Structures are given as C-alpha cells and as structure tokens.
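Notes for the one structure printed next.
Residue numbers (the numbering used here): 596 to 743.
This is how it looks when you write it as structure tokens:
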C-alpha cells in the first residue's frame, strides 16, 4: 500500500467472489508476498478479487480488481500456413505447411493433418500430432480430388 499506517505490513488477505454472488471467500492469508496464484477458478466464470493489507494496528480497507473472466493461461494457436502438395503418386502425396503466425502463448507441440474428398467429411490422417512441417499420406485413390 502507499501508506502502511506507520507500521509495516505483516499480512495480505486476498479474497475472491463470483460477480453474480455476494459472498467473498479467502484465497490467501498469512503472507507478505504481493503475488498469489488463485486456484480452483471455473473457466468462463467472472470474478472480482480484493486485497487487504494488515499491520499490527489492524486490517485496512480492501482494494478490488475489475471483473475478470477466468480462462486458460494460453489460447489455441492460429492456423498453419496454407498447405502445399508435392511428391504426388497414384495413391499418396506429401503435404507441407508453415508454422502459425500466433502460437497461443505456448510452444506448438504438434500438427494434426486432415483430408477430405471435395464433397466428403474431414478425416484425421495422423493418430498422434507430428512435429515436422510436412507429412506423407497414403491410401488415396487415383483420380479422386482431395483437400488437406
């Protein structure tokens, strides 16, 4: 706090509440740390947090946060660049792509390739994500048109 009331802060009390509810729940107490990880938030729920400082004289007025919606720390990545097709045979092709412009804030751990015939449903080609920026797919039929 800007003013400790003439006595050092000995504790911060951190509380949370859902914006739709009236009751506050204590998240952390017994620490002088100015950062805390708040567990057990429900994704998509809106919360308000508040912090109160305590010294040997007592507990000060709370400072409340703006309403915040809980979400994962990271987002899903953007799409890879447009696929390129090469090394075409009667029943297989190799597909390559480039890394997404946006990784969602976390390293890319693999790519899933899907294919479909022009009027069909998308079918997953690989069972586990691949780290490479290209993949060969087999089991195609000569004369059919595919999208990847």
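Quick reminder that beta carbons are idealized off the backbone N, C-alpha and C, glycines included. These numbers were taken from a predicted model, which means no experiment stands behind them.
Legend entry - Nearest-angstrom Cβ-Cβ length linking residue 705 and residue 726, presumed shorter than 8 Å: The distance from the Cβ of residue 705 to that of residue 726 is about 6 Å, consistent with a contact at the 8 Å cut-off.
Inset, instruction - Report the three-state DSSP secondary structure of residue 649 (helix, strand or coil). - result: Strand, per DSSP.
Inset, instruction - Measure the alpha-carbon distance for residue 661 versus residue 624 and round it to whole angstroms. - result: Their Cα atoms are separated by approximately 21 Å.
Inset, instruction - Please confirm whether residue 681 and residue 710 have their CB atoms less than 7 Å apart. - result: The Cβ atoms of residue 681 and residue 710 do not sit closer than 7 Å to each other.
Legend entry - Identity of the residues DSSP links to residue 658 by a beta bridge: Residue pairing from DSSP places residue 658 in a beta bridge opposite 646.
Inset, instruction - Alpha carbon to alpha carbon, how far is residue 699 from residue 737? Give it in angstroms, no decimals. - result: About 38 Å.
Legend entry - Local conformation of residue 741 per DSSP, three classes: Under the three-state reduction of DSSP, residue 741 is assigned to strand.
Inset, instruction - Look at the Cβ atom of residue 703, then the Cβ atom of residue 674, and state whether they are nearer than 7 Å. - result: No, they are not a contact pair.
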